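A.B. asks:
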Amino acid sequence: MQPPASGGKGSALARAAFGQTVFLVAGACLVSYVLISFDLKWSPPRSLREVTIKEAHSRQTDFVWVDVRNPERFESAHIPGAVHFREAEAEASVEAVRRVWKAGKKLGVYGEGIGSDRAERVAQSLKTALGTREVYLLEGGWAAWPRP
Amino acid sequence: MLKLLHRPSLFMLPLLRFGLAALFVWTGLLKLQAPDAAHIAIFQYRLVSWEAAGVLSTLIPMLELWAALGLLLPRLRLGGISLCMGLLFVFCGALASALVRNLDISCGCFGTTDAHVPAIRRLFEDALLLGLCYILWREAALKLRSDSQSSAVPSPQPR
Numbered sequence: 504m505q506p507p508a509s510g511g512k513g514s515a516l517a518r519a520a521f522g523q524t525v526f527l528v529a530g531a532c533l534v535s536y537v538l539i540s541f542d543l544k545w546s547p548p549r550s551l552r553e554v555t556i557k558e559a560h561s562r563q564t565d566f567v568w569v570d571v572r573n574p575e576r577f578e579s580a581h582i583p584g585a586v587h588f589r590e591a592e593a594e595a596s597v598e599a600v601r602r603v604w605k606a607g608k609k610l611g612v613y614g615e616g617i618g619s620d621r622a623e624r625v626a627q628s629l630k631t632a633l634g635t636r637e638v639y640l641l642e643g644g645w646a647a648w649p650r651p
Numbered sequence: 176m177l178k179l180l181h182r183p184s185l186f187m188l189p190l191l192r193f194g195l196a197a198l199f200v201w202t203g204l205l206k207l208q209a210p211d212a213a214h215i216a217i218f219q220y221r222l223v224s225w226e227a228a229g230v231l232s233t234l235i236p237m238l239e240l241w242a243a244l245g246l247l248l249p250r251l252r253l254g255g256i257s258l259c260m261g262l263l264f265v266f267c268g269a270l271a272s273a274l275v276r277n278l279d280i281s282c283g284c285f286g287t288t289d290a291h292v293p294a295i296r297r298l299f300e301d302a303l304l305l306g307l308c309y310i311l312w313r314e315a316a317l318k319l320r321s322d323s324q325s326s327a328v329p330s331p332q333p334r
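For the record, the sequence lines run as chains C and A. Residue numbering for the first sequence follows the working numbering, beginning at 504 and increasing consecutively. Residue numbering for the second sequence follows the working numbering, beginning at 176 and increasing consecutively.
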């Protein structure tokens, strides 16, 4: 028995749409995979390491957090216990970090988002000032930090 | 001329198709040239993990570009329209969920250029685009049917 004409046409339409969509999605996935493999995104300088959000969140107490964002942004919200670092008052800010930081603890520096130049500069200067290699940049910065 | 005016599909539909394709190419390229901003914009919807948002920040603009390609190529038109509709559904859903959860976010639809555009406006725009896609879909489906009818062996009995 033949299927009804309208159903046959409808399924032909659905088949055509599905096949073409799968082809386009597969193409997009393939090119995306190549782009992701080449890693065209921002990555930290070799002298600095990044800490992932997952790791930072699970081992929050291992870190002394340094927030390099603008004062208003820091006051509106920040990682609990974070020290605000003002680049304009670098010496006083380094002292403020030194007061809460103990040898053996890691320093986590974060800015507004990914690849914050300010976070990079502050992380480098803290590394020199405190003589520790355990200075990390928070991957994704404040933008990636989980909010309640 | 009068005949043309009675059949707006003759010039309106290709125009609509090219317009939609151009829009998707533009938004795709905007996101691809600022992948970090797209990464953050996607993550701020709080629907996927940071890692997944990183993958989506490349995949979504790429899907937009391929959807535009589908819209422009006659053999892939139905797929292109379906993909556009699928993407717009997802965008509408994400924007609506952000509005429901009262998230203060930038849409991220146009890369870094739309930081101050309210999400509700973007939701209406996406819904409008979805409506336009439906018009294109209906037309493409009718065309496919008429093509298959004309290519079929003519029946001796009238329908």
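Each residue gets a CB set at the ideal place from its N, CA and C atoms; glycine is no exception. Computed from a predicted structure; not experimentally measured.
Under 7 Å, CB to CB, which of the residues in the segment 293 to 327 of chain A have a partner in chain C?
C.D. replies: Residues passing the 7 Å Cβ filter: Ala316, Leu319, Arg320 and Ser323.
A.B. asks: Within the 8 Å Cβ cut-off, does Met187 (chain A) reach chain C?
C.D. replies: Here the question's residue 187 (chain A) lines up with position 12 in the second sequence. Judged by the 8 Å Cβ criterion, Met187 (chain A) is not in contact with chain C.
A.B. asks: Decide if the segment 522 to 541 of chain C is in contact with the segment 582 to 593 of chain C; the criterion is three or more beta carbon pairs, one per stretch, under 8 Å apart.
C.D. replies: No contact exists between the segment 522 to 541 of chain C and the segment 582 to 593 of chain C.
A.B. asks: For Phe199 (chain A), which residues of its own chain have a beta-carbon under 6 Å away from its beta-carbon, when the five flanking residues on both sides are left out?
C.D. replies: If you number the second sequence from 1, residue 199 (chain A) lands on position 24. The residues are Glu239, Ala242 and Ala243.
A.B. asks: Tell whether a beta-carbon distance below 8 Å holds between Ala273 (chain A) and Ala294 (chain A).
C.D. replies: For the purposes of this step, residue 273 (chain A) is identified with residue 98 of the second sequence, where counting begins at 1. For the purposes of this step, residue 294 (chain A) is identified with residue 119 of the second sequence, where counting begins at 1. Against a cut-off of 8 Å, the Cβ pair of Ala294 (chain A) and Ala273 (chain A) comes out as a contact.
A.B. asks: With a threshold of 8 Å between beta carbons, is Gln563 (chain C) in contact with chain A?
C.D. replies: Locating residue 563 (chain C) in the first sequence gives position 60, where the first residue counts as 1. Closer than 8 Å: no.
A.B. asks: Taking the alpha carbon of Leu372 (chain A) as the reference point, which residue from A:Cys308, A:Leu311 and A:Cys284 has its own alpha carbon closest?
C.D. replies: With chain A running from 176 to 334 in the structure shown, residue 372 (chain A) is simply not present.
A.B. asks: May I ask which residues mark the beginning and end of the alpha helix (DSSP H) holding Trp604 (chain C)?
C.D. replies: One-based indexing of the first sequence puts residue 604 (chain C) at position 101. That residue, Trp604 (chain C), is in no alpha helix (DSSP H); it is neither H nor E in DSSP.
A.B. asks: Measure the alpha-carbon distance for Thr555 (chain C) versus Pro236 (chain A) and round it to whole angstroms.
C.D. replies: Counting from 1 along the first sequence, the entry for residue 555 (chain C) is found at position 52. Counting from 1 along the second sequence, the entry for residue 236 (chain A) is found at position 61. Rounded to whole angstroms, Thr555 (chain C) to Pro236 (chain A) spans 24 Å at the Cα level.
A.B. asks: Looking only at its chain, what residues have a beta carbon closer than 7 Å to the beta carbon of Ala622 (chain C), apart from the 5 residues adjacent to it on each side?
C.D. replies: For the purposes of this step, residue 622 (chain C) is taken as residue 119 along the first sequence, with counting starting at 1. Hits under 7 Å: Val571, Val612, Tyr613, Gly614, Leu640 and Gly644.
A.B. asks: On the criterion of 16 or more Cβ atoms from any shown chain inside 10 Å, does Lys605 (chain C) qualify as buried, or is it exposed?
C.D. replies: Here residue 605 (chain C) is taken as the residue at index 102 of the first sequence, counted from 1. It is exposed - the Cβ of Lys605 (chain C) has fewer than 16 other Cβ atoms within 10 Å.
A.B. asks: Quick one: is His560 (chain C) buried, meaning 16 or more other Cβ sit within 10 Å of its Cβ, or exposed?
C.D. replies: Along the first sequence, one-based indexing puts residue 560 (chain C) at 57. Classification for His560 (chain C): exposed.
A.B. asks: Quick one: which chain C residues come within Cβ less than 8 Å of Ile215 (chain A)?
C.D. replies: Along the second sequence, one-based indexing puts residue 215 (chain A) at 40. Chain C residues near Ile215 (chain A): Gly616, Ile617, Gly643, Ala646 and Ala647.
A.B. asks: Please name the residue in A:Leu247, A:Leu278 and A:Lys318 whose C-alpha comes closest to that of Leu222 (chain A).
C.D. replies: Here residue 222 (chain A) corresponds to residue number 47 of the second sequence, with the count starting at 1. The option with the nearest alpha carbon to Leu222 (chain A) is A:Leu278.
A.B. asks: Going along chain C, which residues have a C-beta under 7 Å from Gln208 (chain A)?
C.D. replies: If you number the second sequence from 1, residue 208 (chain A) lands on position 33. Chain C residues near Gln208 (chain A): none, gap ~10 Å exceeds 7 Å.
A.B. asks: Use the C-beta contact count for Ala595 (chain C): other C-beta atoms within 10 angstroms, 16 or more gives buried, fewer gives exposed.
C.D. replies: In the first sequence, counting from the first residue as 1, residue 595 (chain C) sits at position 92. It counts as exposed.
A.B. asks: Going along chain A, which residues have a C-beta under 7 Å from Ser535 (chain C)?
C.D. replies: Counting from 1 along the first sequence, the entry for residue 535 (chain C) is found at position 32. Correct list: Thr233, Leu234 and Met237.
A.B. asks: DSSP three-state label for His581 (chain C), please.
C.D. replies: As a position in the first sequence, residue 581 (chain C) is number 78, starting the count at 1. Here His581 (chain C) sits in coil by DSSP.
A.B. asks: Taking the alpha-carbon positions, what's the Asn573 (chain C) to Gly584 (chain C) distance?
C.D. replies: One-based indexing of the first sequence puts residue 573 (chain C) at position 70. One-based indexing of the first sequence puts residue 584 (chain C) at position 81. Approximately 17 Å between the Cα atoms of the pair.
A.B. asks: Quick one: is Lys359 (chain A) buried, meaning 16 or more other Cβ sit within 10 Å of its Cβ, or exposed?
C.D. replies: Because residue 359 (chain A) is not part of the residues shown, which for chain A are 176 to 334, the question remains open.
A.B. asks: Out of curiosity, what's the CA-to-CA distance linking Leu251 (chain A) and Thr233 (chain A)?
C.D. replies: Stepping through the second sequence from its first residue, residue 251 (chain A) is reached at position 76. Stepping through the second sequence from its first residue, residue 233 (chain A) is reached at position 58. One C-alpha to the other measures close to 22 Å.
A.B. asks: Tell me, please, whether the CB atom of Phe526 (chain C) is closer than 8 Å to any CB atom in chain A?
C.D. replies: Position 23 of the first sequence, counting from 1, holds the residue named residue 526 (chain C). It does: the Cβ of Phe526 (chain C) has a partner Cβ on chain A nearer than 8 Å.
A.B. asks: Sort A:Ser323, A:Val230 and A:Arg276 by Cα distance to Phe541 (chain C) and report the nearest one.
C.D. replies: Translated into positions along the first sequence, residue 541 (chain C) becomes position 38. Closest option to Phe541 (chain C), Cα to Cα, is A:Val230.
A.B. asks: Of all Cβ atoms in chain C, is any one closer than 8 Å to the Cβ of Gly245 (chain A)?
C.D. replies: In the second sequence, residue 245 (chain A) corresponds to position 70, counting from 1. With 8 Å as the cut-off, Gly245 (chain A) counts as an interface residue toward chain C.
A.B. asks: Thinking just about the alpha-carbon of each residue, which of A:Leu191, A:Leu317, A:Gly245 and A:Tyr220 is nearest to the one in Gly268 (chain A)?
C.D. replies: Position 93 of the second sequence holds residue 268 (chain A). Nearest option by C-alpha distance: A:Tyr220.
A.B. asks: For Leu307 (chain A) versus Leu195 (chain A), is the C-beta spacing smaller than 8 Å?
C.D. replies: Your numbering for residue 307 (chain A) matches position 132 in the second sequence. Your numbering for residue 195 (chain A) matches position 20 in the second sequence. Yes, the Cβ-Cβ distance between Leu307 (chain A) and Leu195 (chain A) is below 8 Å.
A.B. asks: Look up Arg552 (chain C) in the DSSP assignment and give the residues it is bridged to.
C.D. replies: In the first sequence, residue 552 (chain C) corresponds to position 49, counting from 1. In the DSSP output, where bridge partners are listed per residue, Arg552 (chain C) has C:Tyr639.
A.B. asks: Which residues mark the beginning and the end of the beta strand (DSSP E) in which Gly261 (chain A) is found?
C.D. replies: For the purposes of this step, residue 261 (chain A) is identified with residue 86 of the second sequence, where counting begins at 1. Where Gly261 (chain A) is concerned, there is no enclosing beta strand (DSSP E), although the alpha helix (DSSP H) it sits in stretches over Arg252 to Val275.
A.B. asks: To the nearest angstrom, how far is the alpha carbon of Ile215 (chain A) from that of Ser619 (chain C)?
C.D. replies: For this step, residue 215 (chain A) is matched to residue 40 along the second sequence. For this step, residue 619 (chain C) is matched to residue 116 along the first sequence. Cα to Cα, Ile215 (chain A) sits roughly 13 Å from Ser619 (chain C).
A.B. asks: Out of curiosity, what's the CA-to-CA distance linking Thr202 (chain A) and Ala213 (chain A)?
C.D. replies: As a working note, residue 202 (chain A) is residue 27 in the second sequence. As a working note, residue 213 (chain A) is residue 38 in the second sequence. Taking the straight line from one Cα to the other gives about 11 Å.
A.B. asks: Whole angstroms are fine: how far does the CA of Ala531 (chain C) sit from the CA of Leu204 (chain A)?
C.D. replies: For the purposes of this step, residue 204 (chain A) is taken as the residue at position 29 of the second sequence. For the purposes of this step, residue 531 (chain C) is taken as the residue at position 28 of the first sequence. Going from the Cα of Leu204 (chain A) to the Cα of Ala531 (chain C) covers about 14 Å.
A.B. asks: Where do the N-terminal and C-terminal ends of the beta strand (DSSP E) with Ala570 (chain C) fall, by residue?
C.D. replies: For the purposes of this step, residue 570 (chain C) is identified with residue 67 of the first sequence, where counting begins at 1. It should be pointed out that residue 570 (chain C) corresponds to Asp in this sequence rather than to Ala. Looking at the DSSP string, the run of the beta strand (DSSP E) that includes Asp570 (chain C) is Phe566 to Asp570.
A.B. asks: Looking at the unbroken alpha helix (DSSP H) that takes in Val230 (chain A), where does it start and where does it end?
C.D. replies: One-based indexing of the second sequence puts residue 230 (chain A) at position 55. Counting along the chain, the alpha helix (DSSP H) containing Val230 (chain A) begins and ends at Trp225 to Leu247.
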